[in-house]
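Line by line, the protein sequences are chains A and B. Residue 58 is where the first sequence starts when you use my numbering, and the numbers rise one by one after that. Residue 10 is where the second sequence starts when you use my numbering, and the numbers rise one by one after that. The beta carbon of each residue, even a glycine, is placed where N, CA and C say it ideally should be. Take a look at the structure below.
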Amino acid sequence: MAFTSDLDQITRAAAGDPAAVRALVNRYSPGILSLATRMLADRAEAEDVTQETFLRAWKALPGWEPRAKFSTWLHRVALNLCYDRLRKRKESLPGELPDLADTRLAPHEALDQSQRVSAIEGAIGALPERQSAALTLCALQGHSQAEAAEILEISVEAVESLLARARRTLRAQLLEGRTSS
Amino acid sequence: MTEDRLIELIEAWGADPSAFPEAERAAARAMLAAQPARFAAAIAEARALDAALARMPEILPSAALTEALIASAPKARPAAGGLRLPKFAPWAPASGFAALAAGLFMGVMVAPAASASSDTSEVESVIEHALGYDPAAFTEELGE
Chain A
58 MAFTSDLDQI
68 TRAAAGDPAA
78 VRALVNRYSP
88 GILSLATRML
98 ADRAEAEDVT
108 QETFLRAWKA
118 LPGWEPRAKF
128 STWLHRVALN
138 LCYDRLRKRK
148 ESLPGELPDL
158 ADTRLAPHEA
168 LDQSQRVSAI
178 EGAIGALPER
188 QSAALTLCAL
198 QGHSQAEAAE
208 ILEISVEAVE
218 SLLARARRTL
228 RAQLLEGRTS
238 S
Chain B
10 MTEDRLIELI
20 EAWGADPSAF
30 PEAERAAARA
40 MLAAQPARFA
50 AAIAEARALD
60 AALARMPEIL
70 PSAALTEALI
80 ASAPKARPAA
90 GGLRLPKFAP
100 WAPASGFAAL
110 AAGLFMGVMV
120 APAASASSDT
130 SEVESVIEHA
140 LGYDPAAFTE
150 ELGE
């Protein structure tokens, strides 16, 4: 059972067991990096967020109480760090509109596979941050509705609403790309 | 389950009913099976987006990032048992000062005795004894 195994590894990692530390990093760093990359659309910043998330985790390990799943807690920390960075970006550009790049392809551009992928990546990056987070957690990372709700600190119904809006935007862009190719 | 609700579920969670909230899953499946044509368009649109999302490349940490994360973790504490001195003993400078003070004290005590006699060999003798050096034994070893 993942939860028990987490607890065992957390205890051993807190005592400095290198195998347990490696296991936690291998298990959770891809998800954290992926979430941060989708949210920030910047690999270097996403790596910084991943490192900061794990630093906080190492500090929290000795007193860890399994009130929440370790995975949920980690994702929540990462997400809050992403929100902080996105907020700072907006603050550093006073008076300017948020960075909502027009990811739609021009009519003459045919959508091949890689273009389609990058168009969707761009479209996810341009979504409002909570929609982007919900979509990444549920549709790309396969978190359950309850896990996503816990990470986002909202109800399952609110997750559904975020997802519906995110998917509607993406569908419209996909459709537009397809008809223009 | 209403038709509108089923459309909402498809739009939010995608074409696969197994992604729907568990409480509504069975009813949604039953309605889809009963009226496939009614929901075909919504399912097709959702399926296209699901497929596009499934093609998104996986984002994996580099080896350098993985090692950096591991290096930032807490290090193993020494095993219990046996006396282990810390790498930096806070009392180490104090012991140095104590040794210095003892040396000065000895010097003060010995110096007047040495100066009281003008005989340098007596001073040398005091120093030799303090160092644990026996000149008689030394001369014997030399065969003198």
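query: Whose Cβ in chain A lies nearer than 9 Å to the Cβ of B/Glu64?
result: It is worth fixing the name first, because residue 64 of chain B is Arg in this sequence and not Glu. Under the 9 Å cutoff, chain A gives Gln170, Arg173, Val174 and Ile177.
- request: Output, in chain order, the set of chain B residues within a Cβ distance shorter than 7 Å of A/Leu227.
  value: Leu58
Member of B/Arg38, B/Ser81 and B/Pro70 whose CA lies at the smallest distance from the CA of A/Asn83: B/Pro70
message: Is the beta carbon of B/Met40 closer than 8 Å to that of B/Leu15?
response: yes
field: Same chain, Cβ closer than 7 Å to A/Ala205, five either side skipped, listed in chain order
entry: The beta carbon of A/Ala205 sits closer than 7 Å to the beta carbons of Ala191, Leu194, Cys195 and Val216 from its chain, once the five residues preceding and following it are set aside; these are given in chain order.
task: Apply the 10 Å Cβ neighbour rule to B/Gln44 and answer buried if 16 or more other Cβ atoms are within range, or exposed otherwise.
output: exposed
A/Ala11 and A/Leu131 closer than 8 Å at C-beta: Residue 11 of chain A cannot be examined here, being either before or after the span of chain A that is shown, 58 to 238.
message: Rounded to whole angstroms, what is the Cα-Cα separation between B/Ala21 and A/Leu231?
response: 16 Å
- request: Sort A/Glu186, A/Leu112, A/Lys147 and A/Leu118 by Cα distance to A/Leu136 and report the nearest one.
  value: A/Glu186
Rounded separation between A/Thr226 and B/Pro26 - CA only: Those two C-alpha atoms are separated by around 21 Å.
Contact list for the region 87-117 of chain A against chain B, Cβ threshold 7 Å: Within the region 87-117 of chain A, the residues whose Cβ lies closer than 7 Å to some Cβ of chain B are Pro87, Leu90, Ser91, Thr94, Glu104, Thr107, Gln108, Phe111, Leu112 and Trp115, listed in chain order.
- prompt: Using the beta-carbon count (16 or more within 10 Å), is A/Thr94 buried or exposed?
  reply: buried
- prompt: Between which two residues does the alpha helix (DSSP H) harbouring A/Arg146 extend?
  reply: Phe127 to Glu148
task: Kindly indicate if chain A contains any beta-carbon less than 8 Å away from that of B/Leu94.
output: Confidence at B/Leu94 is low in this model, with a pLDDT of 48, below 50, so its placement is unreliable and no value can be given for it.
field: Cβ neighbours of B/Met10 in the same chain (closer than 7 Å, five flanking residues each side left out)
entry: Excluding positions up to five away in sequence, the list reads Glu33, Ala36, Ala37 and Met40.
message: Tell me the residue span of the alpha helix (DSSP H) that contains A/Thr94.
response: Pro75 to Leu97
query: Do A/Val213 and B/Pro83 have their C-beta atoms closer together than 8 Å?
result: Contact flag unset, no.
field: Status (buried if at least 16 other CB within 10 Å, exposed otherwise) for A/Ala223
entry: buried
Amino acids of chain B, ordered along the chain, whose beta-carbon sits closer than 7 Å to that of A/Val78: The answer, in chain order, is Ile79 and Ala82.
message: Considering just the uninterrupted stretch of the alpha helix (DSSP H) at B/Met40, what are its terminal residues?
response: Counting along the chain, B/Met40 sits inside the alpha helix (DSSP H) bounded by residues Glu31 to Ala43.
- prompt: Along chain A, which residues have their Cβ under 8 Å away from the Cβ of B/Pro26?
  reply: Within chain A, no residue comes near B/Pro26; the closest Cβ sits about 13 Å away, beyond 8 Å.
Proximity to A/Ile177 [Cα-Cα], best of B/Thr75, B/Ile68, B/Leu58 and B/Ala73: B/Leu58
query: What number of angstroms, rounded off, separates the C-alpha of A/Leu209 from the C-alpha of A/Gln202?
result: 10 Å
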